[in-house]
Each structure stands twice: as C-alpha cells, then as structure tokens.
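One structure is given here, and the rest of the page talks about it.
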Amino acid sequence: MEALTTLKTEINHLSFTPNEQDSLCKYFTRNVEQINVVVTFLPDYTTDDEKRGYLKSLISTPEQPIDGNFPNVTSLQRAIEDVRTELNLKMESEFKKVHNALETSLYSPGFVTETDKDKEVRDKGSGICFPLKVTESTKPHAPGKFSLPPNKNSTDVSEKDIQDYFMNECGVLRNYVPIKNKLKLTVEDTRNSPVLGT
Numbered sequence: 001m002e003a004l005t006t007l008k009t010e011i012n013h014l015s016f017t018p019n020e021q022d023s024l025c026k027y028f029t030r031n032v033e034q035i036n037v038v039v040t041f042l043p044d045y046t047t048d049d050e051k052r053g054y055l056k057s058l059i060s061t062p063e064q065p066i067d068g069n070f071p072n073v074t075s076l077q078r079a080i081e082d083v084r085t086e087l088n089l090k091m092e093s094e095f096k097k098v099h100n101a102l103e104t105s106l107y108s109p110g111f112v113t114e115t116d117k118d119k120e121v122r123d124k125g126s127g128i129c130f131p132l133k134v135t136e137s138t139k140p141h142a143p144g145k146f147s148l149p150p151n152k153n154s155t156d157v158s159e160k161d162i163q164d165y166f167m168n169e170c171g172v173l174r175n176y177v178p179i180k181n182k183l184k185l186t187v188e189d190t191r192n193s194p195v196l197g198t
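Counting in UniProt numbering, the sequence shown runs from 1 upward without gaps.
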C-alpha cells in the first residue's frame, strides 16, 4: 500500500496530462505486480524528465513489433499475404504429387484387389483352357515349343501333370538366354495361391 501511495505522489509531481494519468492508472490496475518494481527503479532516475520518460515508456505502444520489421499495418499485411501464397503453392505442389502417385498406382495393371481377382477368375475361369499346343521338337529346348509333353499318347492326362509340365517349360523359357537378355519374364506358380481359391 505504501508503494502505491509513493507512486501516486510521483505521478502527480511529474505533471502528466490527464490522458497520461488515466493511461498510467489503467496500466497499474492491469499490472498490480509492477507497482513495487516501478517504485524500486524510479529513484534511479535523477531528473524529472528521465522519470517521466520511464513512466511514459510503460504506457506507450511501440511502433514496430519486437520480432518483426513492419513499420505499418500495410507492410505486415503484405508479408502475411506473401507467406500465405507461398504456403498455398507448396501445399498445391504436394497435393499434386500425392494425386499423381495415387493415380499411377490405381491405373497400373498390377493394382487389383483380391476381390476383383477372385471375380475375374470366377467369370473367366470356366473358359480358360490350356492355351498352348503340345508339340514335339527335334531340339531339346526350342523356344515356344514343348519337347517332352506328359503322356503324349494318353488321353487321361491329369490336370496336375499338365500344370507341372507347363511350369517346368516356363522355367526353361525364363532362363533361355535370348529371352532373358531382352525381356524380363516373370513366372509364378499360382496354383496354391489363396487368391485363386485352390
């Protein structure tokens, strides 16, 4: 309470204008904890002008923010607009990258869900038959022909024997040097794949 009385006496002594006195009163009402600090530092100033300047500095608003270099509101608005535009461009660029990656993966031939594969096998599976003609070649491993088909003269060849034979021939084709050097041939045995339901 004594500090408040001392401060009030100093303010009256320094002959502030009524507006300045009103501003100081509002400042100390909002910042009660500052009263003791101000009363402690006020005697360090020797002249009335220095004391008046110190108290005015408490109520004056700075023209520029401490962390920025904005002399007026217009330059601050321009700076905010520049940052906003830059962020919009960066976000748009990143969204385009994500969109393109998603579009590429969706339309690539390898992107099919297991449900779609199951449906395709069910729809087209009944019409699928062994697509290659079983022929005999004089060369042991001629490309595009089968050399030793299973039970060539028999009519009761099991499906498993034909599939095993076909996978072996595909393995030979995959390792055949002219094909291996020019193409990337992928051969997969999908007979036991859960997608095909076997």
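Each residue gets a CB set at the ideal place from its N, CA and C atoms; glycine is no exception.
For a cut-off of 8 Å, the C-beta gap from VAL32 to LEU7 is around 11 Å, too long to register as a contact.
A buried status is given to GLU169, since no fewer than 16 other beta-carbon atoms sit within 10 Å of its beta-carbon. For a cut-off of 8 Å, the C-beta gap from ASP48 to LEU87 is around 51 Å, too long to register as a contact.
Comparing alpha-carbon positions, the option among PHE41, PRO18 and ILE59 lying closest to PHE28 turns out to be ILE59. If the five residues before and after VAL187 are omitted, its C-beta is found closer than 8 Å to the C-beta atoms of MET167, CYS170, GLY171, LEU173 and ARG174, all from its own chain and listed in chain order. A Cβ-Cβ distance of about 13 Å is found for the pair LYS51 and GLU20, leaving them out of contact under the 8 Å criterion. In this structure, the CA atom of LEU106 is about 10 Å from the CA atom of HIS99. DSSP places SER60 outside any alpha helix (DSSP H), giving it a letter other than H or E.
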